[in-house]
Amino acid sequence: MSVAEELPDGTDAAVLRQTLDEVRRVIVGQEHMVERLIVALLARGHCLLEGVPGVAKTLAASTLATVVGGSFARIQFTPDLVPSDIVGTRVFHPSNEKFDVELGPVFVNFLLADEINRAPAKVQSALLEVMAERQVTLAGVTHPLPRPFIVLATQNPIESEGVYPLPEVQRDRFLFRVRVPHPTAHEELEILHRMSVKPPVPERVLDPERLQALQDAADQVSVHQLVADYVVRLVMSTRAPAEYGLGELGETIEIGVSPRATLGLVSAGRALALLRGRDYLLPDDIRDVAVDVMAHRLMLTFDALADGVDPEQVVRQILHAVPPPLVVWNQQR
1 MSVAEELPDG TDAAVLRQTL DEVRRVIVGQ EHMVERLIVA LLARGHCLLE
51 GVPGVAKTLA ASTLATVVGG SFARIQFTPD LVPSDIVGTR VFHPSNEKFD
101 VELGPVFVNF LLADEINRAP AKVQSALLEV MAERQVTLAG VTHPLPRPFI
151 VLATQNPIES EGVYPLPEVQ RDRFLFRVRV PHPTAHEELE ILHRMSVKPP
201 VPERVLDPER LQALQDAADQ VSVHQLVADY VVRLVMSTRA PAEYGLGELG
251 ETIEIGVSPR ATLGLVSAGR ALALLRGRDY LLPDDIRDVA VDVMAHRLML
301 TFDALADGVD PEQVVRQILH AVPPPLVVWN QQR
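Residue numbering for the sequence shown follows UniProt numbering, starting at 1 and increasing by one per position.
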């Protein structure tokens, strides 16, 4: 029996499972990516999808926006883009001899930033206020973005022509960095059968008000002090690895993860727990999201980069070395 069948209709977890299943009607495979997109929505975090062309990154983002509801905009990032193209600008109208503010395409609930690493530095900096503060300042006036708001960005990790690597400060603004692999042979055959005829059309399951209620429910997921302590130990092991029996990582990690990783681990873990039908956080929830939350925030040394060290493997090594708290169930409660 599936988890969705075990949950009563109308519960938060059942609605989220229905949302997940509706996205999966369109997206073949890529279970990890689809689940992380849902978790990022619940945790109010932005998500960076990294993978080669043609692995359904853009399709997954647009499908999720359709299923969840709300306004949606896609911006195709190019090297000639300027900040006013995305956030808006002031326009002079000769008829009334006044400047009016024309808001840009970022004023939506779901913003798909396609090939975000093709945009130059000025555009990347314009996105920082949008992602961090969820507002835009034009001509000294602050314009709040709609709620909920999330940036779903895609990037191709293998291209070097006409791309600008994301600065560390912007990577830190993303809750998740999810790597999207090629489909398996079985999934490739299913893609052929499903998409070579009339592709499935997703149906709307949620609306912005219901999504905000689910986000509030995720905020109420209980976090035990031992689990919170485990999160802190994972984060601190990236800053002082020798104190946690990981002295060999001292030559690998240049700068550990930021406090945003601490907050991100808890918020993402809470969202995952809600998706799994629980109102309390377990160490397994933290371990499941740790790689996607921490790997892109690690800054490796020059030698480690030259040796091709994968930050995700570093995080997995930390998870193996830092023991989680032991969960003991009280049968009388």
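Quick reminder that beta carbons are idealized off the backbone N, C-alpha and C, glycines included. In this text the structure is predicted, and so the values were computed from the model without any measurement.
Next on the checklist: Output needed for I38: all residues of its chain with C-beta closer than 7 Å, excluding positions within five of it in sequence on either side, in chain order.
Outcome noted: L16, T19, L20 and L275
Item to check | residue 337, DSSP secondary structure in three states | outcome: Because residue 337 is not part of the residues shown, which for the chain are 1 to 333, the question remains open.
Next on the checklist: Please report the distance separating the alpha-carbon of T184 from that of V315.
Outcome noted: 25 Å
Checklist entry - Between the Cα of P148 and the Cα atoms of I286, H320, L326 and R44, which residue gives the shortest distance? => result R44
Checklist entry - Using the C-alpha atoms, what's the distance from R260 back to L246? => result For L246 and R260, the gap between their C-alpha atoms comes out near 22 Å.
Next on the checklist: If distances are taken between C-alpha atoms only, which option among K57, D12, V201 and A13 comes closest to H32?
Outcome noted: K57
Checklist entry - Can you check whether the CB of V178 is closer than 8 Å to the CB of L282? => result no
Checklist entry - What separation, rounded to the nearest whole angstrom, lies between the Cα atoms of V3 and L112? => result For V3, the predicted model reports a pLDDT of 40, less than 50, meaning its position is unreliable; a value from the coordinates is still stated below. Approximately 30 Å, taken between the alpha carbons.
Checklist entry - Of all the options T252, V227, L214 and R297, which has the alpha carbon lying nearest to the alpha carbon of L41? => result L214
Checklist entry - Are V67 and V205 close, meaning C-beta to C-beta below 8 Å? => result yes
Next on the checklist: Bridge partners for S222 per DSSP, in chain order?
Outcome noted: Y280
Checklist entry - Taking contact to mean at least 3 C-beta pairs separated by less than 8 Å, is the segment 72-81 in contact with the segment 193-209? => result Result no; under three Cβ-Cβ pairs closer than 8 Å.
Item to check | Buried or exposed by the 16-neighbour rule on C-beta atoms within 10 Å, applied to P157 | outcome: exposed
Item to check | Opening and closing residue of the alpha helix (DSSP H) in which Q124 lies | outcome: Where Q124 is concerned, the enclosing alpha helix (DSSP H) stretches over A121 to E133.
Next on the checklist: Relative to the C-alpha of T137, which candidate in P94, Q30 and G104 has its C-alpha closest?
Outcome noted: If we check each option's Cα against that of T137, G104 comes out closest.
Next on the checklist: If the criterion is Cβ atoms closer than 8 Å, does the pair I286 and V231 meet it?
Outcome noted: yes
Checklist entry - If you run the structure through DSSP and keep just helix, strand and coil, what is Q212? => result Of the three classes helix, strand and coil, the one that applies to Q212 here is helix, per DSSP.
Item to check | Cα-Cα separation, Y164 to E22 | outcome: 35 Å
Next on the checklist: Taking a contact to mean a Cβ-Cβ separation below 8 Å, would you say R25 touches P199 in this structure?
Outcome noted: no
Checklist entry - Using DSSP with H/G/I as helix, E/B as strand and the rest coil, what is A43? => result coil
Next on the checklist: So for residue 353, helix, strand or coil by DSSP?
Outcome noted: An answer regarding residue 353 cannot be provided, because it is not within the stretch 1 to 333 covered by the chain.
Next on the checklist: Considering only the alpha carbon of each residue, which of E188, A304, Q317 and I191 lies closest to A290?
Outcome noted: Q317
Checklist entry - Which residues in the same chain as R333 place their Cβ atom closer than 7 Å to its Cβ, once the five residues preceding and following it in sequence are excluded? => result Only weak support exists for where R333 lies, its pLDDT of 46 falling under 50; the coordinates are left without a value.
Item to check | Segments assigned beta strand (DSSP E), at least 3 residues, entirely inside the segment 16-63 | outcome: Counting only runs of 3 or more, we get 46-50.
Checklist entry - Which partner residues of I255 appear in the DSSP bridge assignment? => result M299
Checklist entry - Which residue's Cα is closest to the Cα of E35: G277, L272 and S258? => result For the options G277, L272 and S258, the alpha carbon positioned closest to that of E35 is the one of L272.
Next on the checklist: So, at 8 Å on beta carbons, what are the nonlocal neighbours of R90 in its own chain, with the 5 sequence-adjacent residues on each side left out?
Outcome noted: Short of 8 Å from the beta carbon of R90, and not among the five residues preceding or following it, lie these beta carbons of its own chain, in chain order: F99, D100, V101, E102, L138 and A139.
Checklist entry - Which stretch, first to last residue, makes up the alpha helix (DSSP H) that contains P311? => result P311 to A321
Checklist entry - Nearest to V87 by alpha carbon, out of N117, F72 and L145? => result L145
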